[in-house]
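Trainee: I am attaching a structure below and will ask some questions about it afterwards.
Following this line, the structure appears as structure tokens:
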């Protein structure tokens, strides 16, 4: 629940920021900013764009400057020299503090937003008691994407019913009460995650544990183009491992719960290995699912045992 415990009734203009972290992806950043330029903005919120460039050379500066010159939105840009996405995200939080932001929406620099994206997030947020609202990320492919990826749908996220209560969120499509989470509760992204990924999940897990409510907004959609370097078997399996292994760090389940998770991981791993010969006969997609299931179980097994190998997901 939010601190008021009832629906919001704004009698003054709120100041909403679209936060964006980027690092050496100029083409995708340009497409992302173009989509922000085409947003249909709500009349009752002042909207600004806050960008952090995680390249100490400032490679995004010219793209941001061109965007600034061609949009009616106020655009703020800073360089964060410390490498790693939690550092960049915290830079955005710091900029928002100085700007007096009341709500902060995050997207990734490889995404493009629907024209109604921000309006739909804010419409639900202002008529609910949610502290955090999140939406669907739809993965898109180009002509070079292997068919085993596009047909299997392994990179597509699950959709939910509108208003579904969630326990966490990610910075790929989210809007939250900045005043509550970052000013009142003083939440920041944990910089110990460095470049391994998972700092956003940790951030919203902590928000949820502190009583913040997280709701799903079905009609707030963004689109993510799958990068070419992420279309290999090795990347997919490493990503599955990292996500599953890191997830165990967020589970405060005690000794009994940990033992139960340990036994479940062993059972799932044995099932995955045991069904592999059958799925070898059923085709490529079944093999991919089977191996992904096995890797997920193995990663969780290691995680429950306190083993968390480091992998630089963002440097690949």
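In the UniProt record's numbering, the protein residues as written are 1 to 316. The beta carbon of each residue, even a glycine, is placed where N, CA and C say it ideally should be.
1) Please state whether the Cβ-Cβ distance between residue 205 and residue 308 is less than 7 Å.
2) With residue 352 as the anchor, note down where its alpha helix (DSSP H) starts and where it stops.
3) Helix, strand or coil for residue 215, going by three-state DSSP, please let me know.
4) Any contact between the stretch 157-174 and the stretch 104-120? By contact I mean 3 or more CB pairs, one from each, below 8 Å.
5) What first and last residue would you give for the beta strand (DSSP E) that runs through residue 53?
6) Tell me which residues share the same chain as residue 208 and place their Cβ nearer than 7 Å to its Cβ, disregarding the 5 neighbours each side in the sequence.
7) Can you tell me which residues form a DSSP beta bridge with residue 176?
8) In terms of residues, what are the limits of the beta strand (DSSP E) holding residue 63?
9) Can you say whether residue 3 is buried or exposed, counting buried as having 16 or more other CB atoms within 10 angstroms of its CB?
10) How is the beta strand (DSSP E) around residue 20 delimited, first residue to last?
11) Hey, is the stretch 39-59 in contact with the stretch 16-24, meaning 3+ C-beta pairs nearer than 8 Å?
12) Per DSSP, what kind of secondary structure is residue 220 in: helix, strand or coil?
13) Report buried or exposed for residue 127, applying the criterion of at least 16 other Cβ atoms within 10 angstroms of its Cβ.
14) Between the stretch 70-88 and the stretch 39-48, do three or more beta carbon pairs fall short of 8 Å?
15) I'd like to confirm the pairing. Which residues does DSSP put opposite residue 78 in its beta bridges?
16) Is it buried or exposed, residue 305, if we count other Cβ atoms within 10 angstroms and call 16 or more buried?
17) Mind checking whether the beta-carbon of residue 158 lies closer than 6 Å to any heavy atom of the ligand NAD?
18) Along the beta strand (DSSP E) that carries residue 112, what are the first and last residues, could you check?
19) Please state whether DSSP places residue 225 in a helix, a strand or coil.
20) Please report the distance separating the alpha-carbon of residue 199 from that of residue 86.
21) Take the Cβ of residue 135 as the centre, count every other Cβ of all protein chains shown within 10 Å, and call the residue buried at 16 or more, exposed below.
Mentor: According to the structure data:
1) no
2) What the structure shows of the chain is the stretch from 1 to 316, and residue 352 is not part of that stretch, so it cannot be assessed.
3) strand
4) Contact holds: three or more Cβ-Cβ distances are below 8 Å.
5) Counting along the chain, the beta strand (DSSP E) containing residue 53 begins and ends at 45-53.
6) 167, 168, 214
7) Looking at the DSSP assignment, residue 176 forms a beta bridge with 104, 132.
8) From DSSP, residue 63 is part of no beta strand (DSSP E) but of the alpha helix (DSSP H) over 61-69.
9) Note that residue 3 has pLDDT 40, beneath the 50 cutoff, so the model's placement of it is unreliable and no number is given.
10) Annotation for residue 20: the continuous beta strand (DSSP E) segment containing it runs 14-22.
11) Contact between the stretch 39-59 and the stretch 16-24 is present, because at least three Cβ pairs lie under 8 Å.
12) Strand.
13) exposed
14) yes
15) According to the DSSP secondary-structure assignment, residue 78 is paired through a beta bridge with 52.
16) Its Cβ having fewer than 16 others within 10 Å, residue 305 is exposed.
17) The ligand NAD is absent from the structure shown, which contains no ligand whatsoever.
18) Where residue 112 is concerned, the enclosing beta strand (DSSP E) stretches over 111-113.
19) Note: residue 225 maps to strand in three-state DSSP.
20) Taking C-alpha positions only, residue 199 is separated from residue 86 by approximately 6 Å.
21) Classification of residue 135: buried, given that the 10 Å Cβ count is 16 or more.
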